[in-house]
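Start counting at 1 in the sequence shown, then tack on 56, and there's your number in the numbering used here. Here is the structure we will look at, set down as structure tokens.
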Amino acid sequence: MAEKYIEIFKINWKYNLLPHIIITALLCILAPFIMGVKNLDDTLTAKVLELYISLFGIILLTPLFIPDQDRSIRELLESKRVSMVVHHCVRLLAAFGVLIIAITSFLVFLKLQGCRFPFNDYLYGTIATSIFLGGMGVLVYSISDNLPVSYMIPIIYYISCYGGRGRFLGKFYLFTMGYSDISIKNYIMIAGMLMIAIGVVFRNIKLCKII
């Protein structure tokens, strides 16, 4: 059984994950040139993480269903007699792993740059925001089957938070980490995980009708 999971991971790596890892790595490298990352206090660090690093969720999670777009790849996956739900779960675990490693590494980098912030709280808050944005992309992708639209919707939500200051979004306002109790991120995390779960279920219902 382990061999099957490894094979699924390899297919996902080849056809989906690797390009998005490269983009994420490049954004991490470019961060010091795009914004200040030295000797930041907790408020300024929160802004860097929520305005910049949280976008990693869109990059890594939204493309979950890209391999399904190619009929030949889809038929290859089905021929392995492994449920597409399993394929999607392995892809998700791989994307989650890369996301957590990328965010953790960046927070360590900030610490080395003299930034002052509660590491564990900001790690959780950034992961939660990333999963919320990425989960929104996954849900839209599962419904629309259109990758550009799936990127666009969470970005529009992100912009609405940035411009509207969260007046109408309540607990689902994205940028609260610098001035609010970190527990408010629980709502963001739960909503993100629910959107991903609904997206995967809906996608597999659609695939059952296609195949």
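Where is the CB? At the ideal position from N, CA and C, for every residue including glycine.
Reference residue i; option with closest CA among the options
{"i": "F65", "options": "G92, I238, I240 and M140", "result": "M140"}
{"i": "A253", "options": "S239, I187 and Y218", "result": "I187"}
{"i": "I85", "options": "S200, F165, Y207 and I215", "result": "F165"}
{"i": "G255", "options": "C171, L73, G190 and G92", "result": "G190"}
{"i": "I122", "options": "M249, W69, G153 and L149", "result": "W69"}
{"i": "M249", "options": "P88, Q125 and G193", "result": "G193"}
{"i": "G170", "options": "N95, K60 and R259", "result": "N95"}
{"i": "Y243", "options": "C217, L230 and G234", "result": "L230"}
{"i": "K167", "options": "V138, I246, T80 and V93", "result": "V93"}
{"i": "M233", "options": "I157, V257 and T101", "result": "T101"}
{"i": "S239", "options": "L179, Y108 and N72", "result": "L179"}
{"i": "C217", "options": "T185, S200, M245 and D201", "result": "T185"}
{"i": "I114", "options": "M91, Y214, L82 and S161", "result": "Y214"}
{"i": "I156", "options": "N176, F224, L225 and L120", "result": "N176"}
{"i": "V154", "options": "S206, V257 and L74", "result": "L74"}
{"i": "E225", "options": "T80, A247 and I183", "result": "Per the sequence presented here, residue 225 reads as Leu, with Glu not at that position. Of the listed residues, the one whose Cα sits closest to L225 is A247."}
{"i": "A81", "options": "N72, V205, E63 and S161", "result": "S161"}
{"i": "K103", "options": "L163, M251, S206 and Y207", "result": "L163"}
{"i": "Q125", "options": "F89, Y207, N72 and C145", "result": "N72"}
{"i": "V146", "options": "I62, M245, M251 and K241", "result": "I62"}
Three-way DSSP call (helix, strand, coil) for residue i in this model
{"i": "T232", "result": "coil"}
{"i": "M91", "result": "coil"}
{"i": "P174", "result": "coil"}
{"i": "F224", "result": "coil"}
{"i": "N68", "result": "helix"}
{"i": "L96", "result": "coil"}
{"i": "N202", "result": "coil"}
Start-to-end residues for the alpha helix (DSSP H) that takes in residue i
{"i": "I109", "result": "Segment: none, I109 is in no alpha helix (DSSP H) and carries neither H nor E."}
{"i": "D124", "result": "I122 to Q125"}
{"i": "I157", "result": "M140 to L168"}
Expected contact under 8 Å - CB spacing of residue i and residue j to nearest Å
{"i": "D98", "j": "F173", "result": "4 Å"}
{"i": "F112", "j": "I159", "result": "7 Å"}
{"i": "M117", "j": "A151", "result": "The sequence given here has Leu at residue 117, not Met. Between A151 and L117 the Cβ distance is about 5 Å, and since that is below 8 Å, they are a contact."}
{"i": "I212", "j": "V196", "result": "So it is not a contact: roughly 10 Å between Cβ atoms."}
{"i": "S200", "j": "R259", "result": "At roughly 11 Å, the Cβ-Cβ gap does not stay under 8 Å, so S200 and R259 are not in contact."}
{"i": "K60", "j": "V138", "result": "6 Å"}
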